[in-house]
């Protein structure tokens, strides 16, 4: 019950964004409720932050994290295994290529060029290459880095991931990457799952579905990465390896896809679940916007932002080349 006030607060603004985007003007400019919600959240979180009651904070955080994961699980009702197989190895190899190259680039530049702390470089690189804040927190559960390093890494993910949400729909209009491959492009390069959903849905429902499949495949790659990291840390410290956190929401997403593939639910029920899922995603996006603190981003310092910015450019440029020419 301690979260209820914050959840209601986020839900009210999410409902406003949800119904506003049903109007003809918003549809004509391809503005979806997720994008509108995070814009509204960032304005309220930074301009009117002092007016938000303290008892709302836990509910806002709950909406940005727990409700988001529930929404991603329910997103499985839009997708079937038949569609996953249709994406095929192209999406898988795009994920592998972008994850490996982005992580190695970020770690090398951070430690050798910018002379940053190794833990900070590792956290920032994994946040950009796998699944944003979840990857940062999962990695930190094993690194046990200082809290300010974790905050730095998460803030860069929020900054450049938010830019991605607005940049990729614009890139889609330029036709640099064909629409048939654009879902792979989005899913293999954008930081957070919610940001992938927002960017993909701004292009088309088909692109959104493909991008989420590719992104969740990328999220699942966090598991072997953490196992390898645990082995490395165990060997380095000669202590027992830390238990690896499991991205259960990604696994349950796959379970929901499997259930949906059986086609057991009536169309009306499935349609209702999908609409409810859109609402949950909108609530989560508003909460993420509220928690995006511009002052903290300004206080990051130049080097971590430059490092994350270079990785972001790599994701955008090399990701486009990968989606268009390699996979």
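In our numbering, the protein residues as written are 211 to 537. Cβ atoms here follow ideal geometry from the backbone N, Cα and C, with glycine treated the same way.
Handout entry: CB contact flag (residue 430, residue 309, <8 Å)
Key = Residue 430 sits at position 220 when you count from the first residue of the chain shown. Residue 309 sits at position 99 when you count from the first residue of the chain shown. Contact: no.
Practice task
Give the straight-line distance between the Cα atoms of residue 524 and residue 477, rounded to the nearest whole angstrom.
Solution key: If you number the chain shown from 1, residue 524 lands on position 314. If you number the chain shown from 1, residue 477 lands on position 267. Residue 524 and residue 477: Cα-Cα distance of roughly 42 Å.
Exercise for the section: Identify which residue in 513, 373 and 215 has its Cα closest to the Cα of residue 267. Expected result: Mapped onto the chain shown, residue 267 falls at position 57. It is 215 whose Cα lies nearest to the Cα of residue 267.
Handout entry: Segments assigned alpha helix (DSSP H), at least 4 residues, entirely inside the stretch 471-502
Key = Runs of the alpha helix (DSSP H) inside the stretch 471-502: 477-500.
Handout entry: Runs of alpha helix (DSSP H) wholly within the stretch 252-292 (minimum 4 residues, chain order)
Key = 267-272 and 278-284
Exercise for the section: Specify the secondary structure class of residue 348 as computed by DSSP and reduced to three states. Expected result: Locating residue 348 in the chain shown gives position 138, counting from the first residue. Helix, per DSSP.
Handout entry: Sufficient close CB pairs (3 or more, under 8 Å) joining the stretch 503-520 to the stretch 268-286
Key = no
Problem - Buried versus exposed, by CB contacts within 10 Å (16 or more), residue 358 - result: Here residue 358 refers to the residue found at position 148 of the chain shown. By the Cβ-count criterion, residue 358 is exposed, with fewer than 16 other Cβ atoms from all chains shown falling within 10 Å of its own Cβ.
Handout entry: Given 8 Å, three or more beta-carbon pairs between the stretch 486-493 and the stretch 337-356
Key = no
Exercise for the section: Use the C-beta contact count for residue 288: other C-beta atoms within 10 angstroms, 16 or more gives buried, fewer gives exposed. Expected result: Taking the first residue of the chain shown as 1, we reach residue 288 at position 78. Looking at its Cβ environment, which holds 16 or more other Cβ atoms inside 10 Å, residue 288 is buried.
Practice task
Tell whether a beta-carbon distance below 8 Å holds between residue 224 and residue 528.
Solution key: Position 14 of the chain shown holds residue 224. Position 318 of the chain shown holds residue 528. No. Outside cutoff.
Problem - Alpha-carbon to alpha-carbon, residue 290 and residue 522 - result: Taking the chain shown and counting its residues from 1, the one referred to as residue 522 is at position 312. Taking the chain shown and counting its residues from 1, the one referred to as residue 290 is at position 80. When rounded, the distance between both Cα atoms is 31 Å.
Practice task
Could you have a look at residue 446 and say whether DSSP puts it in helix, strand or coil?
Solution key: Counting from 1 along the chain shown, the entry for residue 446 is found at position 236. In this structure, residue 446 counts as helix in the three-state DSSP scheme.
Exercise for the section: Report all residues from its chain with a CB closer than 8 Å to the CB of residue 305; omit the five preceding and five following residues, and keep chain order. Expected result: Here residue 305 refers to the residue found at position 95 when the chain shown is read from its first residue. Closer than 8 Å at Cβ, skipping near neighbours: 397, 398, 424, 427, 428 and 431.
Problem - residue 401 - DSSP class collapsed to helix/strand/coil - result: As a position in the chain shown, residue 401 is number 191, starting the count at 1. DSSP places residue 401 in coil when its eight states are reduced to three.
Practice task
Kindly give me the distance between the Cβ atoms of residue 338 and residue 316, rounded to whole angstroms, as I take these residues to be in contact under 8 Å.
Solution key: Sequence index remark: in the chain shown, residue 338 carries index 128 (1-based). Sequence index remark: in the chain shown, residue 316 carries index 106 (1-based). 6 Å between Cβ atoms; contact.
Handout entry: Rounded C-alpha distance that separates residue 499 from residue 366
Key = If you number the chain shown from 1, residue 499 lands on position 289. If you number the chain shown from 1, residue 366 lands on position 156. Going by the C-alpha atoms only, they are around 14 Å apart.
Problem - residue 451 in three-state terms, based on DSSP - result: For this step, residue 451 is matched to residue 241 along the chain shown. Because the pLDDT at residue 451 is just 48, under 50, the model does not fix this residue reliably, and the value given afterwards should be weighed accordingly. Here residue 451 sits in coil by DSSP.
Exercise for the section: Rank 218, 212, 231 and 241 by C-alpha distance to the C-alpha of residue 413 and give the top, closest one. Expected result: The residue you call residue 413 lines up with position 203 of the chain shown. When each option's Cα is compared against that of residue 413, the closest is 241.
Practice task
Just tell me which of 361, 348, 481 and 376 has its CA closest to the CA of residue 434.
Solution key: Numbered from 1 along the chain shown, position 224 holds the residue referred to as residue 434. Ranking the options by Cα distance to residue 434, first place goes to 348.
Practice task
Mind the definition here: the stretch 379-393 touches the stretch 248-257 only if three or more C-beta pairs lie below 8 Å; say whether that holds.
Solution key: no
Practice task
Please work out which residues of its chain come closer than 7 Å, Cβ to Cβ, to residue 280, disregarding the five sequence neighbours upstream and downstream, and give them in chain order.
Solution key: For the purposes of this step, residue 280 is taken as the residue at position 70 of the chain shown. Cβ within range, chain order: 490.
Handout entry: Backbone secondary structure at residue 537 - three-state DSSP
Key = Here residue 537 refers to the residue found at position 327 of the chain shown. Residue state for residue 537 is assigned as coil, using DSSP reduced to three classes.
Exercise for the section: Could you tell me the distance, in whole angstroms, from the CA atom of residue 303 to the CA atom of residue 483? Expected result: Locating residue 303 in the chain shown gives position 93, counting from the first residue. Locating residue 483 in the chain shown gives position 273, counting from the first residue. Taking the straight line joining both Cα atoms gives about 31 Å.
Problem - Own chain residues within Cβ distance below 8 Å of residue 341, not counting five before or after - result: On the chain shown, position 131 is the one that residue 341 refers to. Counting only Cβ-Cβ distances below 8 Å, and skipping sequence neighbours, we find 401, 402, 403, 425, 428, 429, 432 and 457.
Handout entry: Nonlocal neighbours in the same chain, by C-beta distance under 6 Å from residue 364, ignoring five residues either side
Key = As a position in the chain shown, residue 364 is number 154, starting the count at 1. Cβ within range, chain order: 343 and 346.
Practice task
Tell whether a beta-carbon distance below 8 Å holds between residue 384 and residue 362.
Solution key: As a position in the chain shown, residue 384 is number 174, starting the count at 1. As a position in the chain shown, residue 362 is number 152, starting the count at 1. Their beta carbons are not under 8 Å apart, which means residue 384 does not touch residue 362 by this criterion.
Practice task
Report all residues from its chain with a CB closer than 6 Å to the CB of residue 534; omit the five preceding and five following residues, and keep chain order.
Solution key: As a first step, residue 534 must be located in the chain shown, where it is residue number 324. The answer, listed in chain order, is 387.
Problem - For residue 392 and residue 334, the rounded distance between their alpha carbons - result: Here residue 334 is taken as the residue at index 124 of the chain shown, counted from 1. Here residue 392 is taken as the residue at index 182 of the chain shown, counted from 1. Cα to Cα, the separation comes out at about 25 Å.
Problem - Unbroken stretches of the alpha helix (DSSP H), 4 residues or longer, contained in the stretch 368-431 - result: 389-397, 403-413 and 415-430
Handout entry: Host alpha helix (DSSP H) of residue 231 (start-end)
Key = Here residue 231 is taken as the residue at index 21 of the chain shown, counted from 1. Neither: residue 231 is in no alpha helix (DSSP H) and is coded neither H nor E.
Problem - residue 537 versus residue 394: straight-line alpha-carbon distance, rounded - result: Taking the chain shown and counting its residues from 1, the one referred to as residue 537 is at position 327. Taking the chain shown and counting its residues from 1, the one referred to as residue 394 is at position 184. So the alpha carbons of these two residues sit roughly 9 Å apart.
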